[in-house]
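Residue numbering for the sequence shown follows this note's numbering, beginning at 110 and increasing consecutively. Built from N, CA and C at the ideal position, the CB exists for glycine as well. All values derive from a computational prediction rather than experimental measurement. Beneath this line is the structure, given in structure tokens, with notes to follow.
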Amino acid sequence: KMADVQKDRGNEMYKARRYRDAIGYYDKGIKLSPHPLLYSNRATAYAELNSYNAALKDIELAIRCWHDRMEAVKTGEREEDRSMLTRVYKKKMRILELSSGDLPDARKGIEEKLAAIEDALRDRHLEEGLRENFERMKEDSKKRLEWARRMDDAKEETANGDRMFQEGNFAAAIQFYNKAEAADPKAERRDAYLLYSNRSACSIEMKRGRQGLADAEKCVALKPDWHTAHMLKARAHEVLGENWDMLESCLRAYELKKEDKNNLAMLRDCLVKLICEGGRQTHLPEIMERMREDEELKTMMREPKIVAILQAIHERKDASLLISTLQTDLTMCGKLAKLYHAGGLGI
110 KMADVQKDRG NEMYKARRYR DAIGYYDKGI KLSPHPLLYS NRATAYAELN SYNAALKDIE
170 LAIRCWHDRM EAVKTGEREE DRSMLTRVYK KKMRILELSS GDLPDARKGI EEKLAAIEDA
230 LRDRHLEEGL RENFERMKED SKKRLEWARR MDDAKEETAN GDRMFQEGNF AAAIQFYNKA
290 EAADPKAERR DAYLLYSNRS ACSIEMKRGR QGLADAEKCV ALKPDWHTAH MLKARAHEVL
350 GENWDMLESC LRAYELKKED KNNLAMLRDC LVKLICEGGR QTHLPEIMER MREDEELKTM
410 MREPKIVAIL QAIHERKDAS LLISTLQTDL TMCGKLAKLY HAGGLGI
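See the structure below:
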């Protein structure tokens, strides 16, 4: 009876969310009479405090106590005890789910839960209804474990590829990235886009433009707001000699990160090539429509440096100021490239 008093007071503290006080009362009750309900309730309180190891230890003690009680009943196990044991197993699964969120290794959490399910299924006292449920949980956990193993393999092969990439061994790096992709074909890992960006970079270094472009496009699809992915597309287009496509990819990267000096340099080089090729004709109505829609273009057209360049081009047919500005003022390259793309330079 004294143990019941401590249990009831512990339950009151638990309902009031005073979990440490609840644990104190459960401790006193266990010293008086180690009833499995006290261990089970204390486990719940520990779980509320994120003390999952202590909670799981109490769950195991509760299971052992229920077994001892049922084995002591000579006429057979009591249904009430069997039902309580089933509840403890359910609680164990919930605590394992909660604790897995604190583990740095998701695979370990799944392995622990699968082991717990298999232990429960070996228990002859387990209720049949829960046994069927646990069988389904077992199959689900096996699938999740297989997925986690594949993600680990993808992570490992990507890391191997990264090492080869850093060493300049691009062919070997690509082979490792291929293995990583085979392990994670749907790109389910949060940083899967890095696999495609690095494999794209390897292909570009090896002058394999089409492969580099395909991976860069995959990277863009996975991480559309990452400016580096668009720069990779631009580099792949450069390898393929597709200067206009290169310009468009560089401009997308420019919109995402205007201050990137590497991208500005690529814009400069691309724009010089396009000008030397003879430019790209744009009809006046199309130009005016773009000007009306883009406030940034309107602002550019009023900048003194750009006004001077436009006057030289239109009044004297002289692009030398444009070329010299591109070569000496990197900060202007993005603006001039955007203006050129819109047809605003008139060349």
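Range covered by the alpha helix (DSSP H) that runs through residue i
{"i": "proline 413", "result": "413-425"}
{"i": "arginine 191", "result": "188-209"}
{"i": "alanine 291", "result": "279-292"}
{"i": "arginine 151", "result": "145-157"}
{"i": "glycine 452", "result": "Taken as a continuous stretch (DSSP letters only), glycine 452 belongs to no alpha helix (DSSP H), as it is neither H nor E."}
{"i": "lysine 137", "result": "128-141"}
{"i": "histidine 336", "result": "336-348"}
{"i": "glutamate 221", "result": "215-230"}
{"i": "arginine 272", "result": "237-275"}
{"i": "threonine 437", "result": "429-437"}
{"i": "threonine 440", "result": "Here threonine 440 belongs to no alpha helix (DSSP H), and DSSP marks it neither H nor E."}
{"i": "glycine 119", "result": "111-124"}
{"i": "glycine 321", "result": "318-331"}
{"i": "aspartate 354", "result": "352-365"}
{"i": "arginine 308", "result": "301-314"}
{"i": "alanine 374", "result": "370-386"}
{"i": "lysine 295", "result": "Per DSSP, lysine 295 belongs to no alpha helix (DSSP H) and is neither H nor E."}
{"i": "methionine 409", "result": "404-409"}
C-beta contact flag for residue i and residue j at 8 Å
{"i": "alanine 343", "j": "alanine 330", "result": "no"}
{"i": "leucine 526", "j": "leucine 356", "result": "Missing from the structure shown is residue 526; the chain here goes from 110 to 456 and no further."}
{"i": "alanine 458", "j": "leucine 205", "result": "No information on residue 458 is available, as it lies outside the stretch 110 to 456 that the chain covers here."}
{"i": "alanine 171", "j": "serine 142", "result": "no"}
{"i": "serine 208", "j": "tyrosine 161", "result": "yes"}
{"i": "leucine 147", "j": "glycine 133", "result": "no"}
{"i": "glycine 277", "j": "asparagine 307", "result": "no"}
{"i": "histidine 336", "j": "aspartate 369", "result": "yes"}
{"i": "glycine 88", "j": "methionine 410", "result": "Residue 88 is absent from the structure shown; the chain starts at 110 and stops at 456."}
{"i": "lysine 116", "j": "isoleucine 168", "result": "no"}
Reference residue i, options the options, closest by Cα
{"i": "arginine 299", "options": "Tyr286, Ala263 and Arg272", "result": "Ala263"}
{"i": "lysine 366", "options": "Gly387, Asp334 and His346", "result": "Asp334"}
{"i": "leucine 235", "options": "Lys327, Val197, Lys252 and Ile283", "result": "Val197"}
{"i": "glutamate 188", "options": "Tyr148, Cys385, Glu237 and Glu276", "result": "Glu237"}
{"i": "serine 312", "options": "His450, Gln420, Lys116 and Ala281", "result": "Ala281"}
{"i": "arginine 233", "options": "Arg129, Asn278 and Glu180", "result": "Glu180"}
{"i": "alanine 310", "options": "Glu402, Leu341 and Ala289", "result": "Leu341"}
{"i": "arginine 129", "options": "Arg151, Val114, Lys110 and Lys116", "result": "Arg151"}
{"i": "glutamate 244", "options": "Asn352, Glu227 and Arg259", "result": "Glu227"}
{"i": "leucine 448", "options": "Glu404, Cys328 and Arg203", "result": "Glu404"}
{"i": "methionine 260", "options": "Lys247, Met273 and Glu290", "result": "Glu290"}
{"i": "aspartate 249", "options": "Arg231, Arg317, Glu121 and Leu223", "result": "Leu223"}
{"i": "alanine 446", "options": "Arg425, Glu351, Cys359 and Thr408", "result": "Cys359"}
{"i": "threonine 440", "options": "Leu376, Ile384 and Thr408", "result": "Leu376"}
{"i": "valine 348", "options": "Arg319, Glu412 and Thr195", "result": "Arg319"}
{"i": "leucine 239", "options": "Leu430, Lys251 and Lys199", "result": "Lys199"}
{"i": "cysteine 328", "options": "Asn352, Leu303, Lys316 and Gly350", "result": "Leu303"}
{"i": "lysine 251", "options": "Met122, Pro294 and Glu220", "result": "Glu220"}
{"i": "aspartate 354", "options": "His450, Met122 and Ala301", "result": "His450"}
{"i": "asparagine 287", "options": "Glu297, His176 and Tyr305", "result": "Tyr305"}
{"i": "alanine 268", "options": "Lys110, Lys247, Arg203 and Ala301", "result": "Ala301"}
{"i": "asparagine 371", "options": "Ala296, Trp256 and Cys442", "result": "Cys442"}
{"i": "glutamine 436", "options": "Trp256, Lys382, Arg173 and Pro413", "result": "Lys382"}
Contact belief for residue i with residue j at Cβ below 8 Å, rounded distance in angstroms
{"i": "isoleucine 415", "j": "lysine 444", "result": "7 Å"}
{"i": "alanine 345", "j": "leucine 322", "result": "4 Å"}
{"i": "glutamate 266", "j": "alanine 292", "result": "6 Å"}
{"i": "leucine 254", "j": "arginine 216", "result": "7 Å"}
{"i": "phenylalanine 279", "j": "glutamate 241", "result": "That pair is no contact at about 53 Å."}
{"i": "tyrosine 135", "j": "alanine 154", "result": "7 Å"}
{"i": "alanine 428", "j": "isoleucine 384", "result": "6 Å"}
{"i": "tryptophan 175", "j": "leucine 194", "result": "4 Å"}
{"i": "aspartate 190", "j": "arginine 178", "result": "5 Å"}
heavy atom of the ligand NAD below 7 Å from residue i C-beta
{"i": "arginine 299", "result": "This structure does not include the ligand NAD; it has no bound ligands of any sort."}
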